[in-house]
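Each protein sequence line maps, in turn, to chains Z and W. The numbers in this note's numbering rise by one with no breaks, and the one at position 37 of the first sequence is 1117. The numbers in this note's numbering rise by one with no breaks, and the one at position 90 of the second sequence is 327. Heads up, the beta-carbon is just placed ideally off N, CA and C, and yes, glycines get one too.
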Amino acid sequence: MELFVFGCAALMVLIGAVGVITRKHPVHAALSLVLTLFGVAVLFVIQQAHFLAAVQVIVYAGAIVVLFLFVIMLLGVDRVENLRTEPLTNQRPLALIVSLGLVGVLVAAFATGSGVLHERGAGLIIPDSATGSDANTIQLAESIFSQYVVAFEVTSVLLVVAVVGTVLLARRTKDSVMESPK
Amino acid sequence: MIGFALAPTASWYLVLSAVLFGIGTFGVLIRRNPLVMFMCIELMLNAVNLSFVTLARQLNDINGQTIVFFVMVVAAAEVVVGLGIIVAIMRNRSSVTADDLAELKG
């Protein structure tokens, strides 16, 4: 059963990822990205990371992709990009070599490191009928709000800084409109 | 028994995340539209998140999932700032390829 779900989710992830880099239209690329993000959410669910799967769907597939689509529409860049011509000579073969080499290095690292992948944590509570269906969320919340509470508070500062900075960056003031023609 | 033998192990998930990371790298290197390059960076972030969750299950440790939570928060902030920069740069331009951003070229 897990094999079947893994196969379907892996197909979703890979088809979506290839779609992101091969679709000429930016809107189509963004919709392929949704497919990949949902596939990753399914992979989170079958690995008992239920809370992260929900956050993945809400934050990534919901907020971030909508933000991408919004910017595409706002800038009016929803034009078809010509992918036939290479802007730089030999760029694509070199990029292919670099990415395949990166995948090879990662897989080699996983292969050599697989011997030390044994249990060493305090224990991951698997949600079932005995522990309750929200056991994963409870355990994650206990980790975040006890051991990592300082980091959690710092992320709130980070989000405020990001929002204020983006408003300043994207705002068109009267001064900048008057200065820009110079 | 066969179904148990064919259950995907952690290596399958890790190899899938490596392939996803490679696809994202390839996209960043070949695409010229800044928005699509940004989407490829999201692919790479998701590949890393997938490997974190896999290792959290494999090592029986909740900290892997905790760090994925923080990665998601930082990724959301990064997307907001990045798209703000792209909007600020691209507002007064007609063309939108990364090759055109060469004002600082000596």
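| Asked | Found |
| --- | --- |
| Please report the residue range of the alpha helix (DSSP H) in which Gly1195(Z) lies. | It is not in any alpha helix (DSSP H) - Gly1195(Z) carries neither H nor E in the DSSP assignment. |
| Alpha carbon to alpha carbon, how far is Ser1112(Z) from Val1100(Z)? Give it in angstroms, no decimals. | 5 angstroms |
| Identify whether Ala381(W) lies in helix, strand or coil by the three-state DSSP scheme. | Because chain W is modelled from 238 through 343, residue 381(W) falls outside the range shown and cannot be assessed. |
| Select from the region 1089-1108 of chain Z all residues with a C-beta closer than 8 angstroms to any C-beta belonging to chain W, and list them in chain order. | Ala1090, Val1093, Leu1094, Ala1097, Val1098, Val1100, Ile1101 and Pro1106 |
| Under 8 angstroms, Cβ to Cβ, is there at least one residue of chain Z near Asp298(W)? | yes |
| Chain W beta carbons: is any one of them nearer than 8 angstroms to that of Ser1265(Z)? | Outside the shown range of chain Z (1081 to 1262) lies residue 1265(Z), about which nothing can therefore be said. |
| Just by C-beta distance, which residues in the region 316-329 of chain W are closer than 8 angstroms to chain Z? | Val316, Val317, Val318, Leu320, Gly321, Ile322, Ile323, Val324, Ala325, Met327, Arg328 and Asn329 |
| Flag Ile260(W) as yes if its beta-carbon sits less than 8 angstroms from any beta-carbon of chain Z, otherwise no. | yes |
| Quick check: the Cα distance between Gly261(W) and Val1146(Z), rounded to an integer number of angstroms? | 20 angstroms |
| Check each residue of the region 267-283 of chain W: if its Cβ is closer than 8 angstroms to any Cβ of chain Z, include it; give the result in chain order. | Ile267, Arg268, Arg269, Asn270, Leu272, Val273, Phe275, Met276, Cys277, Glu279, Leu280 and Asn283 |
| What's the gap between the Cα of Leu1180(Z) and the Cα of Gly259(W)? | 7 angstroms |
| Could you work out which residue in Ser254(W), Val285(W), Val252(W) and Arg330(W) is closest to Ala312(W) when comparing CA atoms only? | Val285(W) |
| Please confirm whether Ser311(W) has its beta-carbon closer than 8 angstroms to some beta-carbon of chain Z. | Sequence inspection shows Val at residue 311(W); the Ser mentioned does not correspond to that position. True, the Cβ-Cβ gap to chain Z drops below 8 angstroms. |
| Looking at the secondary structure, which residues open and close the alpha helix (DSSP H) in which Leu1155(Z) lies? | Val1145 to Leu1155 |
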